[in-house]
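With our numbering applied, the sequence shown has no gaps in its numbers, which climb one by one up to 615 at the end.
Okay, structure first, notes after.
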Amino acid sequence: MKDILNYIDGRFVPASSGRWLDNIEPATGKVYSRLPDSGAVDVDAAYVAAQAAWPAWKNVSVDERSRLLAAVADRIALANDELAVAESRDTGKPVSLAKSVDIPRAAHNFRFFAHAITQWASESHGMGPVAINYTLRDPLGVVGCISPWNLPLYLFSWKVAPALAAGNCVVAKPSEITPMTACLLARICADAGLPPGVLNVVHGTGADCGAAIVAHPGIKAISFTGGTKTGETIARTAAPMFKKLSLELGGKNPTVIFADCDFDRTLDEVLRASFSNQGQICLCGSRIYVERPIYERFRDAFVGRTQALAVGDPSDPATRQGAVVSRQHQQKVLSYIQLAREEGGTVLAGGEAAAVPGRCAGGYFVQPTVFEGLPADCRTNQEEIFGPVVTLAPFDTAEEVLRLANGTGYGLAASVWTGNLALAHRVAAALEFGIVWINCWLLRDLRTPFGGVKQSGVGREGGVEALRFFTDAKNVCVKL
Ligand code: NAD
136 MKDILNYIDG RFVPASSGRW LDNIEPATGK VYSRLPDSGA VDVDAAYVAA QAAWPAWKNV
196 SVDERSRLLA AVADRIALAN DELAVAESRD TGKPVSLAKS VDIPRAAHNF RFFAHAITQW
256 ASESHGMGPV AINYTLRDPL GVVGCISPWN LPLYLFSWKV APALAAGNCV VAKPSEITPM
316 TACLLARICA DAGLPPGVLN VVHGTGADCG AAIVAHPGIK AISFTGGTKT GETIARTAAP
376 MFKKLSLELG GKNPTVIFAD CDFDRTLDEV LRASFSNQGQ ICLCGSRIYV ERPIYERFRD
436 AFVGRTQALA VGDPSDPATR QGAVVSRQHQ QKVLSYIQLA REEGGTVLAG GEAAAVPGRC
496 AGGYFVQPTV FEGLPADCRT NQEEIFGPVV TLAPFDTAEE VLRLANGTGY GLAASVWTGN
556 LALAHRVAAA LEFGIVWINC WLLRDLRTPF GGVKQSGVGR EGGVEALRFF TDAKNVCVKL
């Protein structure tokens with residue numbers, strides 16, 4: 136059994152308490168490694184290392200920081216297949232998905248911020264003959280990055296790379312449910328020559344290790360991605376300490392399909408938006424609204440395609456749906472399926488745990504599931520399920536679908552499918568979401584602002600937004 140270790144001050148170490156947590160392979164239900172059950176003492180050791188490394192790291196030239204981040208990107212890309220297998224084993228997602236999406240994106244995150252930092256400039260504001268202002272952007276010091284289990288290396292690197300690029304030292308914690316690739320990334324960073332203490336990775340539970348990062352008085356900012364409830368807890372601790380906070384939280388995203396859409400392309404992409412990563416992507420569209428003239432045609436085609444999705448061993452290249460991340464999460468998703476039935480929904484596809492024979496007989500699989508006939512205000516249509524469960528409903532007018540789409544407490548992402556450009560712009564403008572995709576889904580340009588409104592979070596990641604978050608502005612005014 137492999138031990139995952141903390142990475143503190145350039146050394147791989149167990150938790151100071153000597154305690155461990157089991158790491159389970161979701162596709163089999165078996166423990167296959169263990170990770171340190173770290174707490175406040177380990178977080179403080181990571182902080183001390185980071186703080187000691189910071190004066191040198193913030194003064195490393197932009198070119199050299201960029202070179203080091205690009206070297207990390209190169210090594211991730213070189214190890215793509217090995218990292219993808221590790222990510223799949225840890226999460227239950229198909230290896231094919233990890234190979235084509237998760238790991239390439241992690242490399243891209245490092246490469247993107249390696250470039251972005253060389254192109255970043257701060258402002259100056261002239262006051263004619265009177266004075267000139269220039270704005271300095273100073274790194275914050277030691278920052279905390281806390282990431283979830285659904286896209287482990289993808290989201291871990293999405294935080295760590297801009298934090299490092301901007302000249303901060305980092306104490307980072309991946310999800311205790313999927314810790315493996317963060318540990319492998321620490322090894323890659325060491326091999327790429329990142330100085331000791333610049334990146335520290337501490338493993339453990341949210342309640343002990345995560346909370347200790349948030350509460351540490353020396354850690355200046357928290358970049359968090361995870362559930363809305365957790366975000367609330369974090370804000371409660373961090374806000375009175377005036378820490379900078381970036382909170383990327385849950386979603387309940389609408390997919391809005393107008394009758395004049397490109398039917399076949401929409402069908403392909405909406406299937407992907409519904410069930411990619413077993414529906415465990417914060418951006419997945421779980422409420423599908425279809426304009427009435429094509430409702431039945433779309434529903435029947437969509438249900439057929441859903442039933443054809445191959446649920447199976449994540450290591451099998453033919454598998455389209457792997458396991459969900461844990462027994463507990465499987466139970467949560469199944470309980471929502473039960474709730475949807477009780478709320479009067481009709482199951483059109485799926486609706487049960489999926490049995491996968493052989494090696495995966497003990498794994499946590501759920502059939503991709505489609506409901507119709509549920510009211511907009513029921514819990515199934517209001518709460519984040521974060522699994523392979525979607526609802527279908529018809530609509531008649533743009534005004535009606537906007538009311539439905541905007542009618543939850545969340546506001547992360549929406550997608551709109553139509554051939555009418557004017558309608559698309561009008562609907563996009565009226566959607567209360569941080570991200571709107573027109574005739575596409577999860578098409579990402581890393582320069583764009585990323586984040587949600589309402590209960591989906593506070594702040595934006597991506598491009599200069601991330602570099603701004605990880606720096607403080609200081610304006611210098613010079614009287615001429
Ligand atoms: P989670 O909130 O349970 O955990 C996320 C991370 O926070 C983990 O590392 C966990 O250990 C840590 N944590 C838990 N309690 C903590 C505490 N009190 N203090 C500090 N850290 C704590 O979320 P999850 O179940 O891992 O992930 C699923 C959620 O993440 C879903 O709600 C999903 O929508 C959301 N998500 C959002 C985005 C986005 O960009 N908006 C992206 C991916 C996932």
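Don't be surprised by glycine CBs; every beta carbon is placed ideally from N, CA and C.
All values reported here derive from a predicted model rather than from experimental measurement.
- Spanning the alpha carbons of Val-491 and Gln-442 requires a straight line of approximately 15 Å.
- Distance between Phe-437 and Leu-402, taken at the CA atoms: about 7 Å.
- Taking the Cβ of Thr-365 as the reference point, at least one heavy atom of the ligand NAD falls within a distance shorter than 7 Å.
- Assigned with DSSP and collapsed to three states, Val-491 falls in coil, not helix or strand.
- Secondary structure of Ile-312 (DSSP, three-state): coil.
- Secondary-structure assignment with DSSP links Gly-420 through a beta bridge to Asn-388.
- With respect to the 8 Å criterion, Gly-414 and Ala-162 are not classified as neighbours on the basis of their beta carbons.
- Contact annotation, Ala-249 with Ala-208: C-beta distance approximately 6 Å; criterion of less than 8 Å satisfied.
- A contact is defined here as three or more CB-CB pairs under 8 Å, and the region 193–210 fails this definition with respect to the region 308–315.
- Scanning Ala-184, Thr-390, Leu-602, Thr-606 for the CA closest to the CA of Leu-566 turns up Thr-390.
- The closest CA to that of Pro-283, considering only Met-136, Val-611, Val-460, Glu-507, is found on Val-460.
- Around the beta carbon of Cys-575, a 10 Å sphere encloses fewer than 16 other beta carbons of the protein chains shown; the residue is thus reported as exposed.
- Between the region 528–538 and the region 368–382, the count of C-beta pairs closer than 8 Å stays below three; the two stretches do not touch.
- Closest by C-alpha distance to Asp-237, out of Tyr-289, Thr-368, Ala-394, Ala-342, is Tyr-289.
- Between Val-277 and Trp-189, the C-beta gap is smaller than 8 Å, which places the two residues in contact.
- In the assembly as shown, Lys-387 is a buried residue. Its beta-carbon has 16 or more other beta-carbons within 10 Å.
- In its chain, beyond the 5 residues on either side, Val-197, Asp-198, Ser-201 have a beta carbon closer than 8 Å to the beta carbon of Thr-253.
- Rounded to whole angstroms, the gap between the alpha carbons of Cys-495 and His-464 is 17 Å.
- Distance between Leu-170 and Asp-343, taken at the CA atoms: about 14 Å.
- With respect to the 8 Å criterion, Arg-422 and Thr-526 are classified as neighbours on the basis of their beta carbons.
- With distances taken between CA atoms, Phe-247 lies nearest to Ser-292 out of Glu-519, Gln-502, Ser-292.
- For His-243, the uninterrupted alpha helix (DSSP H) segment begins and ends at 238–251.
- At a cut-off of 7 Å, the beta-carbon of Ala-443 does not count as near the ligand NAD: no heavy atom of the ligand is closer than that.
- Closer than 7 Å to some heavy atom of the ligand NAD: that does not describe the Cβ of Gly-328.
- Taking non-hydrogen atoms of the ligand NAD into account, the C-beta of Cys-318 is found less than 7 Å away from none of them.
- For Ala-488, same chain residues with a beta-carbon under 7 Å away, outside a window of 5 residues either side, are Gln-465, Leu-469, Phe-500, Val-501 in chain order.
- If you draw a straight line from the Cα of Gly-546 to the Cα of Asp-512, it comes to about 16 Å.
- The C-alpha of Thr-583 lies about 15 Å from the C-alpha of Leu-418.
- Glu-507: member of the beta strand (DSSP E) spanning 504–507, first to last residue.
- Annotation for Ala-184: Ile-143, Asp-144, Gly-332, Asn-335 place their beta carbon closer than 6 Å to its own, counting only its chain and skipping 5 residues before and after.
- The criterion of a C-beta distance shorter than 8 Å is satisfied by Phe-585 and Arg-595.
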